[in-house]
Structures are given as C-alpha cells and as structure tokens.
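> Would you mind keeping the following structure in view while I ask a few things?
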Amino acid sequence: MEVEYKINQMITAAQFSDLLSKTSLGARRPIDQIDTVEAMLANANLLITAWQGERLIGVARSVTDFAFCCYLSDLAVDESIQASGIGKTLIRMTKEALKPKCSLILLSAPQAVDYYPKVGFTQHNSAWVLTDIDDLK
C-alpha cells in the first residue's frame, strides 16, 4: 500500500465529507452542511493529508499558533485501512510542523478513546466545551 502524505494541500469539502463518512467522525461532523465543511477547511491552518493515488484516505486538520498549542480538531482515516499506521503518521507530521514545545491537544471520539494513550497522548481531565452561547451564564 503506497501512501503519499501532503502538507497544506487544499482538499474540497466533498473530499473531506466523503472521507469523514467512512469514519466514526462522520456521525459527529456536519458533513451534509457544505458551507460549514468549507469553513472548517478554509480556517484550519495546518492540514496533513494521506493519499493512495487520487483517493483521500486520511486527514489531520488543525488550528494552531505553531508555538504554544495546536488543536487537532479532526484525525480521520478511512476505516477500511485503519490500524496500518496512517493515523500515527498524520499525528507525527502534525507535531513535526510545530515548534518542539508546542502542545498537541484533541478531544477524542468515544470510539477512539483507547487509541490515543497507545500512541503517546496523556489524558487531561479538565477539558470544557461551550457550544451554545445561551448556555453562558
């Protein structure tokens, strides 16, 4: 299996949505809202992709300042080829694009909670999420 990795090569919303639909992230991402998916891609400032020929098989999409922290908001590998090292390579390439002391931060999908400790992440017990502004008190 020949895999080619690319840094900051733009992909289309359709390519990204198609890949997400082949992962457990598809159910938790707005893949049917093209404007939102386009904004997700346009506003990410670090995008690492994995390809087999013309087929997109993996993505690590991040928002970062490159020096202090990097939020790895989407790590997706086509389920048909998971457990082949592609996810780990996407993480490694993301980390290598950052300054050495820059922290790589993510929120795990429930199905992937056991994966991240295996590849070197440590769990942080105080992550917080605010989705709806009306919840702000």
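Mapping the sequence shown onto full-length UniProt numbering, position 98 (from 1) lands on 98, and the numbers just tick up by one. The beta-carbon is built from N, C-alpha and C at its ideal position, and this holds for glycine as well.
Can you check the UniProt domain "N-acetyltransferase" (3–137) for any alpha helix (DSSP H) of at least 4 residues that lies completely inside it and give the ranges in chain order?
13–21, 34–42, 86–96, 115–118
> Buried or exposed for Glu-107, going by 16 or more other Cβ atoms inside 10 Å?
Residue numbering aside, residue 107 sits at position 107 when the sequence shown is read from its first letter. Before going on, a small fix: residue 107 reads as Leu here, not Glu. With fewer than 16 other Cβ atoms within 10 Å, it is exposed.
> Roughly how many angstroms separate the alpha carbons of Leu-104 and Met-40, rounded to a whole number?
In the sequence shown, residue 104 corresponds to position 104, counting from 1. In the sequence shown, residue 40 corresponds to position 40, counting from 1. Between the alpha carbons of Leu-104 and Met-40 lies a gap of roughly 18 Å.
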